[in-house]
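These notes are about the structure you will find just below.
Chains as they are written, first to last, in our numbering: chain A, 7 to 176; chain B, 5 to 413.
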């Protein structure tokens, strides 16, 4: 396979490597997730039922309201957050939330990143060089949004479960 | 980013730890978006209900307040909270939710924030004016202020809005820049809505088509001057479905007196929208007739919406809960004018200072056994699917009838 390396226009955070959840769909922590279970919960979302914890989300665009700015931070405090998020187009809220929550983020590519990266690929995102690199290919393109044989770890806790302070970059 | 001497002092910690944390956050976000410098703001509005904050967010606020060396320097107000303390039991909310709310309120007050608890501050507190740079949270507030008032704001999430209130500035990117306020997508509308749910549905259709934060729809074909409440539902739904922060309506919004004012004349028509598309969006949510709860919220109701609701509630006897949510500024007038009493005499409940989806909607559903929900808010139906509800969109009159019969006709 030819090495796939994509360069983003916007980047923040630390270098991280993880399995990618890929879908040509939007993202809002408020609208789309069950944050206690760590899964996509909106019935119409292409990743519904899939665990996002410790994964790198590769999605089309940031959607919805301003709550995600707090929610990414809250998810990080529970160890129930994605490692990184990659968008074709990002809104201000997800970037602000990633900054507070310490989640790595890339956005803005010359190609459709949800078409260029296969669901289930092992990818590395390096904000310092603004690059997304595929380390191991995933599933065929027609599996976008399907379960795609990814392991689905079980999570779940109460909102009252203890949380940790998120280490701040500030 | 280019920093002036005051901003450099903030960054170096010379003006305290609170301002240092705030401006570091702003610089990280501003750098991500390529901001060249900061722009002073005159107001900030913070979305920070505790369902969003969680324990971690409350702890972060408390940490900031405990530093004790910084308070907001411009008027800074809040979006709805996660409860109406006087009605929390009726909503099935738990003590830990209320405790978390009290802790957040305490921290905000120590930071100098005014707890207005409203998402309709443009109707009730102080509307921003043309060209005024502000740092507003709540997407409905931002799209209304940008589009109807011609103010300048990005979507500022809670941490960023608070940072702006503390530093009195925000990174100059996005909709603070005139070039980004030009239209990017042209729509022609072939009919004019006649009810708030239709205005919301039209906003939803356009929002879905626009698709992301950076698209600026310009809309032609609206035959009337919409009221503030009609624009409110239209904009809130567009922002919710599309993450849209600014639209222009030719001849009706201040920056688009003529279509060429926003560059729309140079754009091809992206989409024509007729009644059928709006009705299709409404119909897509009509999956059952049975209704467990009726909710008017998102955005909070104006005094005139409560007046209209009170008239529809006269001589009715509700079988299922009907919740009407408004702001703490409107509620006393609703009480004085008898609207609250007329709604509650029929069996409804008027709540203040919260918003339904920001108030532990999933836990309320579990506690109260609510699954199917009727509302006239397109924004609310778009949000609640992820919370396990089956939301349905109908007119205010249809929703009130459903509260009486338990079914949407």
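For glycine and all other residues, C-beta sits at the position ideal for the given N, C-alpha and C. Everything numeric in this text was worked out from a predicted model, so none of it was measured.
- Between the C-alpha atoms of residue 395 of chain B and residue 210 of chain B, what's the straight-line distance to the nearest angstrom? By 1-based counting over the second chain, the position of residue 395 of chain B is 391. By 1-based counting over the second chain, the position of residue 210 of chain B is 206. Cα to Cα, the separation comes out at about 20 Å.
- Message: Quick check: residue 325 of chain B and residue 356 of chain B, are their CB atoms within less than 8 Å of each other?
- Response: Looking up residue 325 of chain B in the second chain gives position 321. Looking up residue 356 of chain B in the second chain gives position 352. Not a contact, by the Cβ cut-off of 8 Å.
- Item | Cβ pair residue 303 of chain B, residue 124 of chain B closer than 8 Å | By one-based count along the second chain, residue 303 of chain B stands at place 299. By one-based count along the second chain, residue 124 of chain B stands at place 120. For residue 303 of chain B and residue 124 of chain B, yes; Cβs fall inside 8 Å.
- Message: Less than 6 Å between C-beta atoms, sequence neighbours within five positions excluded: which residues of the same chain meet that for residue 96 of chain A?
- Response: Counting from one through the first chain, the residue named residue 96 of chain A turns up at place 90. Contacts found: 68, 113.
- Query: In whole angstroms, what is the alpha-carbon distance linking residue 107 of chain A and residue 312 of chain B?
  - Reply: For this step, residue 107 of chain A is matched to residue 101 along the first chain. For this step, residue 312 of chain B is matched to residue 308 along the second chain. Rounded to whole angstroms, residue 107 of chain A to residue 312 of chain B spans 43 Å at the Cα level.
- Message: Does residue 171 of chain A pass the burial test, meaning 16 or more other C-beta atoms within 10 Å, or should it be called exposed?
- Response: On the first chain, position 165 is the one that residue 171 of chain A refers to. In summary, residue 171 of chain A is exposed, with fewer than 16 beta-carbon neighbours lying within 10 Å of its beta-carbon over all protein chains present.
- Message: Output needed for residue 15 of chain B: all residues of its chain with C-beta closer than 8 Å, excluding positions within five of it in sequence on either side, in chain order.
- Response: The count along the second chain starts at 1 and reaches residue 15 of chain B at position 11. Closer than 8 Å at the Cβ level, and outside the excluded window around residue 15 of chain B, lie 7, 24, 27, 28, 31.
- Item | 8 Å contact criterion, which residue 147 of chain B and residue 51 of chain B should meet: CB distance rounded | Sequence index remark: in the second chain, residue 147 of chain B carries index 143 (1-based). Sequence index remark: in the second chain, residue 51 of chain B carries index 47 (1-based). Between residue 51 of chain B and residue 147 of chain B the Cβ distance is about 14 Å, and since that is not below 8 Å, they are no contact.
- List the residues of chain A whose Cβ lies closer than 9 Å to the Cβ of residue 70 of chain B, in chain order. In the second chain, residue 70 of chain B corresponds to position 66, counting from 1. Among the residues of chain A, none has a CB under 9 Å from the CB of residue 70 of chain B; the nearest is roughly 12 Å distant.
- If you follow the alpha helix (DSSP H) that residue 368 of chain B is part of, which residue opens it and which one closes it? For the purposes of this step, residue 368 of chain B is taken as residue 364 along the second chain, with counting starting at 1. Taken as a continuous stretch (DSSP letters only), the alpha helix (DSSP H) holding residue 368 of chain B covers 365 to 372.
- Item | Own chain, CB closer than 7 Å to residue 212 of chain B, minus 5 neighbours either side, in chain order | As a first step, residue 212 of chain B must be located in the second chain, where it is residue number 208. Excluding residues up to 5 positions away in sequence, 245, 246 lie with their Cβ nearer than 7 Å to the Cβ of residue 212 of chain B in the same chain.
- Between the CA atoms of residue 162 of chain B and residue 73 of chain B - distance to the nearest angstrom: Residue 73 of chain B sits at position 69 when you count from the first residue of the second chain. Residue 162 of chain B sits at position 158 when you count from the first residue of the second chain. Between residue 73 of chain B and residue 162 of chain B, the alpha-carbon positions lie close to 20 Å from each other.
- Query: Are the C-beta of residue 37 of chain A and some C-beta of chain B separated by less than 8 Å?
  - Reply: Residue 37 of chain A sits at position 31 when you count from the first residue of the first chain. Cβ-Cβ to chain B under 8 Å: yes for residue 37 of chain A.
- Message: Would residue 215 of chain B and residue 78 of chain B be called neighbours here (beta carbons separated by less than 8 Å)?
- Response: Residue numbering aside, residue 215 of chain B sits at position 211 when the second chain is read from its first letter. Residue numbering aside, residue 78 of chain B sits at position 74 when the second chain is read from its first letter. No, Cβ-Cβ distance for residue 215 of chain B and residue 78 of chain B is not below 8 Å.
- Message: Give me, in chain order, the residues of the same chain whose beta-carbon lies closer than 6 Å to that of residue 400 of chain B; leave out the 5 immediate sequence neighbours on both sides.
- Response: Translated into positions along the second chain, residue 400 of chain B becomes position 396. Residues of the same chain with a CB within less than 6 Å of the CB of residue 400 of chain B, apart from the 5 flanking positions on each side, are 380 in chain order.
- Can you grab the Cα-Cα spacing for the pair residue 151 of chain A / residue 50 of chain A, in whole Å? Taking the first chain and counting its residues from 1, the one referred to as residue 151 of chain A is at position 145. Taking the first chain and counting its residues from 1, the one referred to as residue 50 of chain A is at position 44. With a pLDDT of 47 at residue 151 of chain A, under the threshold of 50, the modelled position of this residue cannot be trusted, and the question is left open.
- Using CA coordinates, which residue listed in A:132, A:78, A:110, A:138 is at the minimum distance from residue 122 of chain A? In the first chain, counting from the first residue as 1, residue 122 of chain A sits at position 116. The shortest Cα separation from residue 122 of chain A among A:132, A:78, A:110, A:138 belongs to A:138.
- Task: Entirely within the segment 66 to 147 of chain B and at least 4 residues each: give me those alpha helix (DSSP H) ranges in chain order.
- Result: Complete alpha helix (DSSP H) runs here, min 4: 99 to 114, 125 to 128.
- Message: Measuring straight from C-alpha to C-alpha, what distance separates residue 343 of chain B and residue 94 of chain B?
- Response: As a first step, residue 343 of chain B is located in the second chain; it is residue number 339 there, counting from the start. As a first step, residue 94 of chain B is located in the second chain; it is residue number 90 there, counting from the start. If I take the Cα positions, the gap works out to 20 Å.
- Check whether the Cβ atoms of residue 347 of chain B and residue 328 of chain B lie closer than 8 Å to each other. Translated into positions along the second chain, residue 347 of chain B becomes position 343. Translated into positions along the second chain, residue 328 of chain B becomes position 324. Result yes, Cβ atoms of residue 347 of chain B and residue 328 of chain B sit closer than 8 Å.
- Are at least three pairs of beta-carbons, each pair with one atom in the segment 25 to 32 of chain A and one in the segment 55 to 70 of chain A, less than 8 Å apart? Because the criterion of three Cβ pairs below 8 Å is met, the segment 25 to 32 of chain A and the segment 55 to 70 of chain A touch.
- Message: For residue 153 of chain A and residue 52 of chain A, what's the separation of their Cα atoms in angstroms?
- Response: Locating residue 153 of chain A in the first chain gives position 147, where the first residue counts as 1. Locating residue 52 of chain A in the first chain gives position 46, where the first residue counts as 1. Residue placement at residue 153 of chain A cannot be trusted, given a pLDDT of 48 that sits under 50; what the coordinates show is reported in the next sentence. Approximately 9 Å between the Cα atoms of the pair.
- Task: Kindly list the residues whose CB is nearer than 7 Å to the CB of residue 45 of chain B, restricted to its own chain and excluding five residues on each side of it in sequence; keep chain order.
- Result: As a position in the second chain, residue 45 of chain B is number 41, starting the count at 1. These residues qualify, in order along the chain: 78, 137, 138, 139, 168, 172, 173, 174.
- Item | Contact between the segment 384 to 394 of chain B and the segment 187 to 196 of chain B (3+ Cβ pairs under 8 Å) | Contact fails between the segment 384 to 394 of chain B and the segment 187 to 196 of chain B, because fewer than three Cβ pairs, one in each stretch, are under 8 Å apart.
- Message: Helix, strand or coil for residue 51 of chain B? Go by DSSP, reduced to three states.
- Response: As a first step, residue 51 of chain B is located in the second chain; it is residue number 47 there, counting from the start. The three-state secondary structure of residue 51 of chain B, taken from DSSP, is coil.
- Give the residues of chain B in contact with residue 43 of chain A, contact being defined as C-beta atoms less than 9 Å apart. Within the first chain, numbered from 1, the residue matching residue 43 of chain A stands at position 37. Under the 9 Å cutoff, chain B gives no residues; its nearest Cβ is about 11 Å from residue 43 of chain A.
- Counted within 10 angstroms of its Cβ, other Cβ atoms place residue 168 of chain A as buried (16 or more) or exposed: Against the first chain, residue 168 of chain A aligns to sequence position 162. Around the Cβ of residue 168 of chain A, a 10 Å sphere holds fewer than 16 other Cβ atoms; the residue is exposed.
- Task: Go through the segment 179 to 225 of chain B residue by residue and report every complete run of the beta strand (DSSP E) that reaches 3 residues or more, in order.
- Result: Counting only runs of 3 or more, we get 189 to 193, 221 to 224.
- Item | Contact list for residue 57 of chain B against chain A, beta-carbon separation under 8 Å | The residue given as residue 57 of chain B occupies position 53 in the second chain. Near residue 57 of chain B (Cβ distances below 8 Å), the residues of chain A are 76, 80.
- Task: Could you please give me the residues that DSSP links to residue 10 of chain A through a beta bridge?
- Result: By one-based count along the first chain, residue 10 of chain A stands at place 4. Its beta-bridge partners do not exist; DSSP assigns none.
- Message: If distances are taken between C-alpha atoms only, which option among A:94, A:164, A:89 comes closest to residue 129 of chain A?
- Response: For the purposes of this step, residue 129 of chain A is taken as residue 123 along the first chain, with counting starting at 1. If we check each option's Cα against that of residue 129 of chain A, A:89 comes out closest.
- Message: Here's a check: name, in chain order, each residue in its chain whose Cβ is nearer than 7 Å to the Cβ of residue 408 of chain B, leaving out the five neighbours to either side.
- Response: In the second chain, the residue the question calls residue 408 of chain B occupies position 404. Contacts found: 320, 321, 322, 323.
- How many Å lie between residue 147 of chain A and residue 125 of chain A at the Cα? On the first chain, position 141 is the one that residue 147 of chain A refers to. On the first chain, position 119 is the one that residue 125 of chain A refers to. A caution first: residue 147 of chain A carries a pLDDT of 49, below 50, which makes its placement in the model unreliable, though a value can still be read off. Per the coordinates, the alpha-carbon of residue 147 of chain A lies some 7 Å from the alpha-carbon of residue 125 of chain A.
- Simplified DSSP state of residue 18 of chain B, which is helix, strand or coil: Position 14 of the second chain holds residue 18 of chain B. The answer is coil: DSSP assigns residue 18 of chain B none of H, G, I, E or B.
- Skipping 5 residues on each side, what residues in its chain have a beta carbon closer than 8 Å to that of residue 102 of chain B? Counting from one through the second chain, the residue named residue 102 of chain B turns up at place 98. Same-chain partners within the cutoff: 87, 89, 92.
- Query: Using 8 Å as the limit for Cβ to Cβ distance, is residue 52 of chain A near chain B?
  - Reply: As a working mapping, residue 52 of chain A is identified with position 46 in the first chain. Taking Cβ atoms only, chain B never reaches closer than 8 Å to residue 52 of chain A, which makes this a no.
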